[in-house]
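Taking the working numbering, the leading residue of the sequence shown gets 1, the next gets one more, and so forth. Glycine included, C-beta positions come from ideal geometry on N, C-alpha and C. Below is one structure, written out as structure tokens, with a few remarks after it.
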Amino acid sequence: MEAEKIWMDGKMVDWNDAKIHVLTHALHYGSGVFEGIRAYETEQGAAVFRLKDHVNRLFDSAKILRMDIPYSKDEITKAIKETVKINKLNSCYIRPLVYRGFKKLGLNPFSCPVRVMIAAWEWGAYLGEEALAKGIKAITSSWQRSNINSTSAKAKICGNYVNSIFANMEAVEADVEEAILLDSDGYVAEGPGENIFWVSDGVLYTPPLTSVLEGITRKTIIKIAKDMNFEVREEFIARDVLYLADEAFFAGSAAELTPIREIDHYTIGSGERGPISKKLQEKLFSVFKGKEKQYIDWLDFVNKII
Ligand code: PPE
Numbered sequence: 001m002e003a004e005k006i007w008m009d010g011k012m013v014d015w016n017d018a019k020i021h022v023l024t025h026a027l028h029y030g031s032g033v034f035e036g037i038r039a040y041e042t043e044q045g046a047a048v049f050r051l052k053d054h055v056n057r058l059f060d061s062a063k064i065l066r067m068d069i070p071y072s073k074d075e076i077t078k079a080i081k082e083t084v085k086i087n088k089l090n091s092c093y094i095r096p097l098v099y100r101g102f103k104k105l106g107l108n109p110f111s112c113p114v115r116v117m118i119a120a121w122e123w124g125a126y127l128g129e130e131a132l133a134k135g136i137k138a139i140t141s142s143w144q145r146s147n148i149n150s151t152s153a154k155a156k157i158c159g160n161y162v163n164s165i166f167a168n169m170e171a172v173e174a175d176v177e178e179a180i181l182l183d184s185d186g187y188v189a190e191g192p193g194e195n196i197f198w199v200s201d202g203v204l205y206t207p208p209l210t211s212v213l214e215g216i217t218r219k220t221i222i223k224i225a226k227d228m229n230f231e232v233r234e235e236f237i238a239r240d241v242l243y244l245a246d247e248a249f250f251a252g253s254a255a256e257l258t259p260i261r262e263i264d265h266y267t268i269g270s271g272e273r274g275p276i277s278k279k280l281q282e283k284l285f286s287v288f289k290g291k292e293k294q295y296i297d298w299l300d301f302v303n304k305i306i
């Protein structure tokens with residue numbers, strides 16, 4: 001994973017020169033917010049998927065952490081596209097980060113400058129190429145998702161991800177690909193970096209937006225599933241509902257749509273990518289690649305605008 005340039009506080013700098021001070025506030029306390037975005041190769045070159053939604057969420061996250069981003073939404077949008085373009089990337093992952101820089105340590109963040117960086121690089125399938133076709137194994141984490149009054153699930157805050165790292169390490173050390181976190185009431189919440197869906201009797205389900213991130217992939221899947229005439233419901237469930245589901249999958253910008261074939265040693269459905277997961281996955285990839293006219297407005301073509 002390496003590209004040529006990183007956008008840092010308004011300038012393009014060489015990948016190896018994108019450095020910060022070790023007393024950067026965010027490094028010590030997690031006081032930053034970020035986005036994870038993908039660009040896909042289309043017939044008209046690279047296109048960033050739902051860029052507007054990602055930029056809006058970045059600004060919302062910053063608002064929740066009381067950081068004023070020293071650039072407009074238009075400037076950040078343009079900088080994201082420039083970063084993809086300058087690195088000559090066709091399909092890539094894009095990581096904008098807004099963070100408290102170095103001025104002084106101590107929890108009070110207000111005197112530390114708000115800094116911004118945008119990096120982009122080639123990033124293949126998040127949980128492995130095979131995972132998309134065959135599905136992965138997951139475990140329920142013994143760590144629970146942070147309580148809604150412990151942090152903001154709506155904001156993509158750097159510090160929130162320590163909770164995710166605990167869950168992911170537990171999964172990796174249990175020799176499965178990913179974890180599922182329950183919320184503080186014991187209901188199924190989401191993956192460390194993905195929303196979760198399941199299918200029972202032909203109906204698509206996902207947990208409501210309380211302790212989970214309002215994923216842009218989640219929103220996309222709900223929309224395309226409804227347009228394909230599937231019924232979609234948001235429900236709080238206990239983990240055993242997943243064990244008996246016909247299908248389950250993770251959804252996220254990095255994870256895209258990754259089927260789950262086993263949870264806590266229970267085989268989900270037939271133990272492979274289910275038929276509805278496959279249909280939605282195919283549609284989703286077709287949308288990403290600009291092959292669905294109906295959803296073309298979700299794509300921002302890198303070459304067109306700048
Ligand atoms: N929940 C969490 C906790 C989460 O981090 C993500 C994205 C999602 C749901 C799905 O959201 P969306 O990408 O808008 O559909 N996780 C990002 C970071 C993953 C990482 O390993 O880093 C991502 O997918 O880019």
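7 Å CB neighbourhood of residue i in its chain, flanking five on each side removed
i: residue 152; result: 64
i: residue 109; result: 25, 31 and 100
i: residue 301; result: 44, 45 and 47
i: residue 266; result: 243
i: residue 306; result: Model confidence at residue 306 stands at a pLDDT of 46, short of 50, so the residue's coordinates are unreliable and nothing is read from them.
i: residue 236; result: 187, 207 and 208
Residues near residue i in its chain [Cβ-Cβ closer than 8 Å; skip 5 each side]
i: residue 2; result: 15 and 121
i: residue 60; result: 154 and 155
i: residue 177; result: 127, 128, 131, 136, 137, 138 and 171
i: residue 134; result: 259, 261, 272 and 273
i: residue 58; result: 33, 34, 35, 69, 76, 96, 98 and 156
i: residue 53; result: 216 and 219
i: residue 238; result: 186, 187 and 188
i: residue 89; result: 3, 39, 46, 120, 121 and 122
i: residue 91; result: 38, 39, 40, 41, 46 and 122
Nonlocal neighbours in the same chain, by C-beta distance under 6 Å from residue i, ignoring five residues either side
i: residue 21; result: 102
i: residue 333; result: Residue 333 lies beyond the stretch modelled for the chain, which goes from 1 to 306, so this question has no answer here.
i: residue 183; result: 145, 189 and 211
i: residue 163; result: 146
i: residue 277; result: 247, 249 and 259
i: residue 281; result: 257
i: residue 289; result: 40 and 42
Paired residues, beta bridge with residue i - DSSP
i: residue 308; result: A query on residue 308 cannot be resolved here, the shown segment of the chain reaching from 1 to 306 and no further.
i: residue 32; result: 99
i: residue 259; result: 249
i: residue 45; result: 42
i: residue 105; result: Answer is none; residue 105 lacks a bridge partner.
i: residue 302; result: DSSP, once it has assigned bridges, lists no residue as partnering residue 302.
i: residue 267; result: 262
i: residue 53; result: DSSP output for residue 53 lists no bridge partner at all.
i: residue 88; result: Paired residue(s): none; residue 88 is not in a bridge.
i: residue 37; result: 94
i: residue 5; result: 14
Assumed close pair residue i, residue j - CB separation to whole angstroms, cut-off 8 Å
i: residue 42; j: residue 299; result: 7 Å
i: residue 117; j: residue 97; result: 5 Å
i: residue 80; j: residue 48; result: 7 Å
i: residue 337; j: residue 86; result: Only positions 1 to 306 of the chain appear in the structure, and residue 337 is not among them; the question remains open.
i: residue 254; j: residue 193; result: 6 Å
i: residue 125; j: residue 198; result: The Cβ separation is near 21 Å, so there is no contact.
i: residue 181; j: residue 141; result: 5 Å
i: residue 221; j: residue 251; result: 5 Å
i: residue 23; j: residue 107; result: Wrong, their Cβ atoms sit about 14 Å apart, outside the cutoff.
i: residue 231; j: residue 203; result: 5 Å
Closer than 7 Å: residue i CB and nearest the ligand SAM heavy atom
i: residue 273; result: As presented, the structure is devoid of the ligand SAM, carrying the ligand PPE as its sole ligands.
### Message
To test your reading of the DSSP string, which unbroken alpha helix (DSSP H) runs of 4 or more residues are found completely within the region 135-182?
### Response
The DSSP assignment places complete alpha helix (DSSP H) segments of no fewer than 4 residues inside the region 135-182 at 161-173, in order along the chain.
Contact between the region 206-213 and the region 255-265 (3+ Cβ pairs under 8 Å) = No, the region 206-213 does not touch the region 255-265.
Item to check | Those runs of the alpha helix (DSSP H) which lie wholly inside the region 184-255 and span at least 4 residues | outcome: Within the region 184-255, the runs of alpha helix (DSSP H) that reach at least 4 residues and sit entirely inside it are, in chain order, 216-227 and 239-243.
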